[in-house]
Each structure stands twice: as C-alpha cells, then as structure tokens.
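First the structure, in the form of structure tokens, and then the observations on it.
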Amino acid sequence: MKKIIFRGLMVVIVLSIGGKILMDKREKDNEELRTIQTDLADYLYNHYEISTVDEKREKEIFKEFNQGKGNMTEQEFFEKIDSITEYMDIEKIEFTGFSVTPMKSLEVHFKINELLSHTATLGAKSVETGQWIYRIDSGIEKQGQDHYLSRKEQETNMSLPVSIVTFYNGGID
C-alpha cells in the first residue's frame, strides 16, 4: 500500500515539475513573440506608409499618355501619376497571428489602419545586430484592397507609440 502511495506521489511530483518546465518554456516563447511584434511594429512605423491612387484619375492619365503615343511626355506622365498618389501615416498596427512556412520561416500576420492585411516573413537574424531580417510583402496589389504599403522616401527614427499597436497573444499556428 505504501509503495502505491509513494509511486502516485512520485508521478504527481514529476508531472508538476514537467508542467512547470513546459510553462516556463511557453512563457519564454511568448515573450520572444512579443519582442518580434514590437520590433516589427517599430520598423513598419518608421519605414513604411500607406498609399492610394484615385483610380478614375489614373485611368484618365493612362488614356491621355496612350503608352507614349498620346499628347504627354513620359516625364509629365510620371509627375501626374505621382501627383494623384495620396500618402498617409500608419496610425494602427494589429497583429493577427503567426504561422510557420514549409521552409521553416516564421510568418507574422498583421493589419495596418484596418485597411491592409499583410505578412512579414522572418527567416534569419542579422549577424551584425542580432535583429530579425523582415521580408514584408509591400507594394503587392491584393484583391479588394485599394491601398498599398510602400516604403517612405525619407525614413524616420521616431519612437513608436505603444497605444497604436494591438499585440497577438496566441501562439504559432
């Protein structure tokens, strides 16, 4: 009888220790995911902006240019296209999840200003800085989205207001 109680007690102790180790590992992983989100949000905030083009005006300009055969020079064409492009700052970043690609890279899914859904892929860390190298799918036309994520001409170095970031606290899917 004492052996059964002793074995039962040992099982409970081993499971408790194993559970504690697992919870500590999960907490460390969640902390690293939070750091990734913070670094990525800061990177987006300082290096990217949202752009949109008035499609009606764009069609008119393309029609007027007529692939270089119209009554507009190439320089005028590019100037007019630039003039109808509207830029806006990032005001909200919401992280929506994580996943692992077949090549074992980490994908971070996020929304910007509730207008754009994007993905950043983290495949390697920089040897020099120890920071993740982000590959962001910017400038890609996505179905149903008339806004684009584009790099700023002049990058900023402002501190990220944490109030504009909504963190994802789930794990990796």
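Each residue of the sequence shown is one higher than the one before, starting from 35 at the first, in the working numbering.
Where a beta carbon is used, it is the ideal one built from N, C-alpha and C, also for glycine.
Which residues in the same chain as residue i place their Cβ atom closer than 6 Å to its Cβ, once the five residues preceding and following it in sequence are excluded?
i	result
Phe111	Phe99
Ser85	Thr119, Tyr121, Tyr182, Ser184
Trp166	Leu156, Lys159
Asp88	Ile118
Gln71	Phe129, Phe201
For the putative contact between residue i and residue j, defined by C-beta atoms under 8 Å, what is the C-beta separation to the nearest angstrom?
i	j	result
Ala75	Val161	Rounded, the Cβ-Cβ distance is 24 Å, inconsistent with contact.
Phe144	Thr130	6 Å
His81	Lys159	Their Cβ separation, rounded to whole angstroms, is 18 Å, which puts His81 and Lys159 out of contact at 8 Å.
Specify, as a first and last residue, the run of the alpha helix (DSSP H) that residue i falls within.
i	result
Tyr114	One point to set straight first is that residue 114 is Lys, not Tyr, in the sequence displayed. Its alpha helix (DSSP H) spans residues 108-117.
Quick check on the DSSP output: the beta strand (DSSP E) that includes residue i runs from which residue to which?
i	result
Phe201	Taken as a continuous stretch (DSSP letters only), Phe201 belongs to no beta strand (DSSP E), as it is neither H nor E.
Lys145	140-146
Ile124	No beta strand (DSSP E) holds Ile124; DSSP gives it neither H nor E.
Mind checking whether residue i and residue j have CB atoms under 7 Å apart?
i	j	result
Tyr77	Leu194	no
Glu222	Asp123	Past the edges of the chain, shown from 35 to 207, lies residue 222, and the structure says nothing about it.
Phe132	Ile206	yes
Tell me which residues share the same chain as residue i and place their Cβ nearer than 7 Å to its Cβ, disregarding the 5 neighbours each side in the sequence.
i	result
Glu128	Phe144, Lys145, Thr200
Leaving out the 5 sequence neighbours to the left and right, which residues in its chain are closer than 8 Å to residue i when beta-carbon positions are compared?
i	result
Ser139	Thr155, Leu156, Gly157
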